[in-house]
Amino acid sequence: GAGVSQSPRYKVAKRGQDVALRCDPISGHVSLFWYQQALGQGPEFLTYFQNEAQLDKSGLPSDRFFAERPEGSVSTLKIQRTQQEDSAVYLCASSLRAGIAKNIQYFGAGTRLSVL
Amino acid sequence: SQQGEEDPQALSIQEGENATMNCSYKTSINNLQWYRQNSGRGLVHLILIRSNEREKHSGRLRVTLDTSKKSSSLLITASRAADTASYFCATRLGTLQGAQKLVFGQGTRLTINP
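Protein sequence lines correspond, in order, to chains A and B. Heads up, my numbering is the position in the first sequence plus 60, with the first residue counted as 1. Heads up, my numbering is the position in the second sequence plus 1, with the first residue counted as 1.
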C-alpha cells in the first residue's frame, strides 16, 4: 500500500472493555513497531516484530496488552480490560529491513483511544 | 521513560525567521533522527545523523550532533506556515536485531505566525 494504515482512527471504550487496534504496514516491510503516545508527549515504544516473530515486547505496560502479527503482515494490538490510563494515541510504524541501523520507520496516523 | 529532553517545549516565531530546537539524550547511540508530527497525524521522518557525523543538511534543515555533550540541534531556516508542527528527536540505541526501537524525546511544538 501507499503507507501504513491504522484502524480505527478513533475508539471510545468503557473501562473494562477489550479493544483491538489494527495496523496494515507498507507492503513488503519486514519490521513492525507499536508505540504509545500520551497527550503532549513523545511516542513510547511498546513492541517490535520482525516478520511474524515478536522480538521485543519490553515496552508493553502490563499483561493486559498483547500484540500479534501471525502472517508477518497485518498486526493487531489488543488491550484487555481497558483502564483510563490506557487513553492515548497508538502508533504503528514499519520499516523495510531489519538489522540495519539507518532504517527509517514509516508511521501510520494512529488510533486515538479514549477510555471512559 | 523517554530517552531525552527537548528544548524549548514550545516555540513561536514569525514566518521567514529561523527556528532552532535542541535535544539531549542520556545513553550512547547509533544514530539520531528527527521527526515531524502535524496535529492529529503520524510522524514523518525528516533527517538522520549517524553517531560519527557532526552536521547534516537537507533542504532548509540543518542538524548537528555533539556526542560528547549528548546533544543535537535542528535548525529550520526561512520558516513557513506549513512548518507548524511538533518536532521530535529520536535515538536508535544499537544495531543488533533486537535493538530496533526508537526512543523519542518529548518534542518541541513549533508555531509559525504569518
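Just so it is clear, CB atoms sit at the ideal spot from N, CA and C, and this is done for glycine as well. Note that the structure is predicted; figures quoted are calculated from it, not measured.
Residue i: first and last residue of the uninterrupted beta strand (DSSP E) it sits in
i: A/Y70; result: Y70 to A73
i: B/S52; result: First-last for B/S52: undefined, no H or E at that position.
i: B/Q34; result: N32 to Q38
i: B/V104; result: L103 to F105
i: B/L75; result: S72 to I77
i: A/V134; result: Per DSSP, A/V134 belongs to no beta strand (DSSP E) and is neither H nor E.
i: B/E6; result: E6 to D8
i: B/T21; result: A20 to S25
i: B/A86; result: A86 to R93
i: A/A181; result: No answer is possible for residue 181 of chain A: it lies beyond the span of chain A, which begins at 61 and ends at 176.
Exposure label - residue i; buried when at least 16 CB within 10 Å
i: A/H89; result: buried
i: B/I30; result: buried
i: B/K102; result: buried
i: A/Q144; result: exposed
i: A/I139; result: buried
i: A/N163; result: buried
i: B/H81; result: Correcting the residue type first, residue 81 of chain B is Arg in the shown sequence and not His. Exposed, since its Cβ has fewer than 16 Cβ neighbours within 10 Å.
i: A/L106; result: buried
i: B/Q38; result: buried
i: B/E7; result: buried
Sub-8 Å separation of residue i and residue j beta-carbons
i: B/M22; j: B/L12; result: yes
i: B/G108; j: B/Y88; result: yes
i: A/S147; j: A/L120; result: no
i: A/L92; j: A/T136; result: no
i: B/V64; j: B/I50; result: yes
i: B/I48; j: B/T85; result: no
Separation of residue j from residue i, as counted between CA atoms
i: A/D116; j: A/Y108; result: 5 Å
i: A/K71; j: A/I86; result: 23 Å
i: A/F167; j: A/Y150; result: 11 Å
i: B/E54; j: B/L66; result: 7 Å
i: B/L111; j: B/Y36; result: 13 Å
i: B/H58; j: A/D78; result: 46 Å
i: B/P9; j: B/S74; result: 11 Å
i: A/S67; j: A/S122; result: 22 Å
i: B/L94; j: A/E128; result: 24 Å
i: A/S118; j: B/E56; result: 32 Å
i: B/G106; j: A/P103; result: 8 Å
i: A/S142; j: A/K74; result: Here residue 142 of chain A is Thr; the residue named in the question, Ser, does not match the sequence. C-alpha separation (whole angstroms): 8 Å.
i: B/C24; j: B/A79; result: 21 Å
Return the chain-ordered ranges of every beta strand (DSSP E) run that is complete within the segment 72-130 of chain A and spans a minimum of 3 residues. 79-84, 91-97, 104-110, 113-116 and 125-128
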